[in-house]
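One line per chain: the protein sequences are R and W, in this order. Just add 14 to the spot in the first sequence (first one is 1) and you have the numbering used here. Just add 14 to the spot in the second sequence (first one is 1) and you have the numbering used here. Think of the CB as a built atom: it goes at the ideal place given N, C-alpha and C, for glycine as much as any other residue.
Protein chains: 2
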Amino acid sequence: MIRTIYWENDSVVMIDQKALPLEEIYMTCRNYGEVITAIKDLTIRGAPAIGIAAAMGIALGMLHQSAVSREEFDNYFYRMCDEFAQARPTAVNLFWAIERMKRCFENVVTSDVNNAKRALVEEAIRIVDEDIAINRQMGINGKTLVNSGDNILTHCNAGALATGGYGTALGIVRAAHEEGKDIHVFVDETRPILQGARLTAWEMKKESIPATLITDNMAGFLMKQHKINLVIVGADRIAANGDAANKIGTYSLAILAKEHGVPFYIAAPLSTIDMALQSGDEIPIEERDNAEVLQFHGVRIAPEGVAAYNPAFDVTPHCYITAIITEAGIARPPYEESINLFFKDKFKNENQGETY
Amino acid sequence: MIRTIYWENDSVVMIDQKALPLEEIYMTCRNYGEVITAIKDLTIRGAPAIGIAAAMGIALGMLHQSAVSREEFDNYFYRMCDEFAQARPTAVNLFWAIERMKRCFENVVTSDVNNAKRALVEEAIRIVDEDIAINRQMGINGKTLVNSGDNILTHCNAGALATGGYGTALGIVRAAHEEGKDIHVFVDETRPILQGARLTAWEMKKESIPATLITDNMAGFLMKQHKINLVIVGADRIAANGDAANKIGTYSLAILAKEHGVPFYIAAPLSTIDMALQSGDEIPIEERDNAEVLQFHGVRIAPEGVAAYNPAFDVTPHCYITAIITEAGIARPPYEESINLFFKDKFKNENQGETY
């Protein structure tokens, strides 16, 4: 199994996704600043993985700090949470994880300092363990949509590397493959950062799942040739109405899928759904350094002085989305209702858990 | 003015498009084999430019051969024409240019050998001169579709570098710019060979036409933000019904344009229209070496052992094409009729030219 990020010897260890697929390097972060840098420079990426990294980074920061007063301890924690919240803007899992660490902190801060520190570490480890379990459940739910013989198109990397392990979109691919379904994956290379070519192709190869790499602009031509049966991608933030932000290019893919009558699925945990947002118009879209577009794998491809535009994500309106696959089940339109139901049930179950 | 290919000292000189934009190197071909290699390895590319290269290559081959009999002279010519016809399959301009050189050959072959050789050279030079004039006329016709303030999206390179000079799609951009229209060009980088990033961005910079480079998967998001007023691309072969083969990714762009109500224009000379083909289904689509997808500038981007797919072109059905801009005018649907009219007029004019 691919280990994306884990806690070891009171440090945070993660695979360096910038170095993949040419090298498999594990990097150890010994202070929270290193974790923030790793999130910003894409050493770790993918909405759920970013959330996990933030949780572990916060636990790491608190573990190694030595406040002399409760006030200092509190201030340090909240200031650090703010720093993590600035790391990247689009993936809501980052903010979800920070909120969860805050709730944990508020529950334990009145106890012994060392207990509080350990509780934060345990919470971060619980988040990664839960994430893997959620992905497996998503795989069980989603594989019902995949038939033997299907050609699946995916964009970017919504795999083990984007999560605690197993993956969201690729978790469904894995689950279908594990069940013995004969599937083939077409992998969009996903410019500018090439997460498809570098990460998804690497994951497919590790699992011996048949896969073919294409450039992003080939997807329409493949669909026209009836070579794609379904599209499954991840998400970085989903609004209450089902509009979904995901890696740039997802919106175009969704339109192509609609035009060709190909089902278009989003796979994401409930922690990716931002019920505070009514529609995708409210999702902040990160713009990254233009050098990512002007260069290809470090080699300049355009003349000096040429302008570029580099939005890292786009928003796919819910009307293009056939279904949203979560750990709680498969949501279908109208998403306001189907998604809302998942959260109601979740709330009910959690309350029941507390009562009994 | 950018000189793509020209005849000098009984050799064929062309700018090495593989080296652009990092280096401007002019390469001299002294035998026809070198011209075929240049077509195959994309030293020169773009449908009209490939046609010109073939014409010049054929003239070069005949100029430097020393047949001892008329039969040998003939055989050499036709064998060489066959070799050129094998160089690349999709752009019809290659076959159009070979046919034109054959007609010239058949007219002059009975005269003195040296006269015949010179006539072929003159015909090849005439083809490039005509091509530039045709592009300028296309620019005059097409600029009426461009308004000041427009943001134009283009794919691949249909510029001076794809032709004898001036360009087809970019010829229209140039004509609008020369008229003082305030335009902005969004340039699709155009994976895998990056003709947009390397060649179109270079041409726009040379002309000081405002341009912004994007990755191919950003086009949909730009259209959603109402940042694109029209799309103009070139073509490698157009069927009698208006279906148009062009660089891979064009078909996806056309669907995105339709979904957003953005006009989608093809700019191409009549020599790109293959009246022998009823529909685009009959256009052969070149598949190139997978290494173009798996590598960039010699650096591998996907793990070893990963499969790839590399169709160099796709076909956009006529229903997605708002108009086809040619030197004879702007064709609109139904294309069977509007295109046919251009060829009837052309035939009439040519016959008139012979009569009077």
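In this chain, the beta strand (DSSP E) harbouring W:Tyr40 covers 40 to 43. Beta-bridge annotation (DSSP): W:Ala189 is not paired with any residue.
Per the C-alpha coordinates, the member of W:Asp288, W:Gly75, W:Met15 positioned closest to W:Ser25 is W:Gly75. The alpha helix (DSSP H) runs lying completely inside the region 90 to 156 of chain R and spanning 4 residues or more are 106 to 122, 127 to 156, given in chain order.
When C-beta atoms of the region 259 to 269 of chain R are compared with those of the region 188 to 195 of chain R, fewer than three pairs fall below 8 Å, so the two segments do not count as touching. Rounded to whole angstroms, the Cβ separation of R:Ala282 and R:Thr182 is 6 Å, and the two are in contact under 8 Å. Using a Cβ-Cβ cut-off of 7 Å, W:His311 counts as an interface residue toward chain R, since at least one Cβ of chain R sits closer than that to its own.
Judged by their CB atoms, R:Asn324 and R:Glu300 are not nearer to each other than the 7 Å cut-off.
For the pair R:Val320 and W:Ala215, the CB atoms are nearer than the 7 Å cut-off. Pairing W:Glu350 with W:Asn231 gives a Cβ-Cβ distance that is not under 7 Å. Taking a C-beta distance under 7 Å as the contact criterion, R:Thr168 and R:Ile246 qualify as a contact pair.
The three-state secondary structure of W:Gly173, taken from DSSP, is strand. Looking from the CA of W:Pro35, the closest CA among W:Arg314, W:Gly294, W:Ile262, W:Leu213 belongs to W:Leu213. The three-state reading of DSSP puts W:Ala290 in coil, since its state is none of H, G, I, E or B.
No Cβ of chain W is located within less than 7 Å of the beta carbon of R:Asp303. 7 Å or more divides the Cβ of W:Pro317 from the Cβ of R:Lys195. Here the region 54 to 70 of chain W does not lie against the region 82 to 91 of chain W, with fewer than 3 beta-carbon pairs under 8 Å apart. Between R:Ile252 and R:Ile287, the C-beta spacing is below 7 Å.
With its beta carbon at least 7 Å from every one in chain R, W:Met15 lies outside the interface.
When 8 Å is used as the limit between beta carbons, W:Ala225 is near these residues of chain R: Val320, Ala321, in chain order. W:Thr57 has a beta carbon lying at 7 Å or more from every beta carbon in chain R. R:Met76: member of the alpha helix (DSSP H) spanning 61 to 77, first to last residue. In the pairwise beta carbon analysis, the region 115 to 126 of chain R is classified as not touching the region 151 to 159 of chain R: fewer than three pairs are separated by under 8 Å. Counted as a single uninterrupted DSSP element, the stretch harbouring W:Met237 is not any beta strand (DSSP E) but the alpha helix (DSSP H) occupying residues 233 to 238. Around W:Glu296, the same chain offers Ala253 as residues with beta carbons nearer than 8 Å, after the five sequence neighbours per side are excluded.
Judged by beta-carbon spacing, W:Phe200 lies beyond the 7 Å limit of W:Thr229, meaning their Cβ atoms are not closer than that value. When 8 Å is used as the limit between beta carbons, W:Arg205 is near these residues of chain R: Glu203, Arg205, Thr229, Asp230, Asn231, in chain order. Closest option to R:Val187, judged by alpha-carbon separation, among R:Leu208, R:Asp164, R:Asp202: R:Asp164. Nearest in C-alpha terms to W:Lys358, of all of W:Ala73, W:Arg205, W:Met15, W:Ala342, is W:Ala342. Contact of W:Ile297 with chain R is not assigned, every C-beta pair being separated by 7 Å or more.
Here R:Glu22 is bridged, per DSSP, to R:Ser25. Legend: CB atoms of the region 247 to 276 of chain W lying less than 7 Å from CB atoms of chain R belong to residues Ile262, Gly263, Tyr265, Ser266, Ile269, Leu270, Glu273. In the structure shown, R:Gly319 adopts coil according to DSSP, grouped into three states. Our two residues, W:Ile139 and W:Glu22, have alpha carbons roughly 10 Å apart in a direct line. Assigned with DSSP and collapsed to three states, R:Val313 falls in strand. Inclusion of R:Ala174 and R:Ile16 in the CB contact set at 7 Å is warranted, their separation being smaller than that value.
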